[in-house]
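Our numbering puts the first residue of the sequence shown at 2, with every later residue one more than the last.
All C-beta atoms in this analysis are idealised placements derived from N, C-alpha and C, irrespective of residue type, glycine included.
Everything on this sheet refers to the single structure shown next.
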Amino acid sequence: MNGYWPGRERFFVYPRASASHSSQWVGENGGTGDVDQAKWFEFVSGETTSVQVKFDGAGTISGSVADDESGAAVSGLCPSVTPSHYYVSQGRNVKCTYTEGRYEISGLGPYAWRVQFPSAYGDHAWQWSGGAVDRYGATPVQVTPGGTATVDARLKKPGRISGKLVNATRPFEYTTVLAVNPVTGDYAGPSASRNSRYEYWMKGYATQDVQLQFHGNFEDEIQIHPDLVHVQEGQETSGVDLQVR
Numbered sequence: 002m003n004g005y006w007p008g009r010e011r012f013f014v015y016p017r018a019s020a021s022h023s024s025q026w027v028g029e030n031g032g033t034g035d036v037d038q039a040k041w042f043e044f045v046s047g048e049t050t051s052v053q054v055k056f057d058g059a060g061t062i063s064g065s066v067a068d069d070e071s072g073a074a075v076s077g078l079c080p081s082v083t084p085s086h087y088y089v090s091q092g093r094n095v096k097c098t099y100t101e102g103r104y105e106i107s108g109l110g111p112y113a114w115r116v117q118f119p120s121a122y123g124d125h126a127w128q129w130s131g132g133a134v135d136r137y138g139a140t141p142v143q144v145t146p147g148g149t150a151t152v153d154a155r156l157k158k159p160g161r162i163s164g165k166l167v168n169a170t171r172p173f174e175y176t177t178v179l180a181v182n183p184v185t186g187d188y189a190g191p192s193a194s195r196n197s198r199y200e201y202w203m204k205g206y207a208t209q210d211v212q213l214q215f216h217g218n219f220e221d222e223i224q225i226h227p228d229l230v231h232v233q234e235g236q237e238t239s240g241v242d243l244q245v246r
């Protein structure tokens, strides 16, 4: 593989064709299901870095996803064993929930995995296996070759954040507001919607403190709101104005 910038990288790998081999984070001495146990590889300009991968047998995680209050099945949700981006996509070997609320993640290595349940449009609060707010608090589930582990989830009402991008100069459709969990560095929910008055609103957050990162001018630099913002599931934290430099 070519084109890596100098620096450090960790690798999540999966076989393209073999059903007998499994996905993994590349660890020091084999695969792992924990990104924090993955090996860092150094990339130096003009040099080639060797990455050794040892594939193991594959297993599956499956389960049901339901609304915590009503018990109704949640459709259109794509669980993940890697931290979700602020725009949610269907991962490899993932069968998203349909009307019956069932999902499946196949082709996983025989390791302990944490499962995330990110609502693409923020209709429910994002959570991890065991109902945890973030990855560090998630309950790991052990996968065995040829076996299926069960992880169910009941999703709570989303918390919301709203405010204005003050002194923004970019056209409003190109402004960005993101929320990050300050403990793990993972995205805590979807990116914000916004309008021509530079008002923004975002939802999909579990009860937690988040760091807001935003883009409001024509420079490439992402700004960071100086204070953590507390968001409560099922409630709106309003008036969080972001001062654009």
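- Setting aside the 5 residues that flank it on each side, V167 is surrounded in the same chain by D242, L243, Q244, V245, each with a C-beta closer than 7 angstroms to its C-beta; the list follows chain order.
- Each residue's CA atom was taken as its position, placing G132 and S51 some 38 angstroms apart.
- Annotation: Y122 is outside any beta strand (DSSP E) and is labelled neither H nor E by DSSP.
- Distance from G60 to G147 at the Cβ level is roughly 6 angstroms; contact confirmed, criterion being Cβ atoms closer than 8 angstroms.
- A direct Cα-to-Cα measurement between Q233 and R161 gives close to 8 angstroms.
- When C-alpha distances from D228 are compared across A74, F219, V211, the shortest belongs to V211.
- Per the Cβ contact rule, the stretch 135 to 155 is not in contact with the stretch 216 to 231 (fewer than 3 Cβ pairs under 8 angstroms).
- Here F219 has T170, R171 as same chain residues with Cβ atoms under 7 angstroms from its own Cβ, once five neighbours each way along the sequence are excluded.
- Around the beta carbon of W127, 16 or more other beta carbons sit within 10 angstroms, so the residue counts as buried.
- Annotated as proximal: V144 and W114, with beta-carbon spacing under 8 angstroms.
- Per DSSP, L78 lies in no beta strand (DSSP E) and is assigned neither H nor E.
- When DSSP states are grouped into helix, strand and coil, F173 belongs to the helix group.
- Each residue's CA atom was taken as its position, placing Q209 and E48 some 43 angstroms apart.
- In this structure, the alpha-carbon of T98 lies about 7 angstroms from that of C79.
- Restricted to the stretch 205 to 243, the beta strand (DSSP E) segments that are unbroken, complete and at least 3 residues in length are 209 to 216, 230 to 232, listed in chain order.
- Residue burial annotation: A39 is buried, with at least 16 other C-beta atoms found within 10 angstroms of its C-beta.
- Here S107 has T61, N94 as same chain residues with Cβ atoms under 6 angstroms from its own Cβ, once five neighbours each way along the sequence are excluded.
- Rounded to the nearest whole angstrom, the CA to CA distance from S197 to L179 is 18 angstroms.
- In the three-state DSSP reduction, D68 falls in the strand class (E or B).
- Taking all protein chains in view, the Cβ of D221 is surrounded by fewer than 16 other Cβ atoms within 10 Å, so the residue is classified as exposed.
- Under DSSP, the beta-bridge partners assigned to K96 are E105.
- In the three-state reduction of the DSSP assignment, Q38 falls in the helix class.
- Judged by their CB atoms, Q25 and V14 are nearer to each other than the 8 angstroms cut-off.
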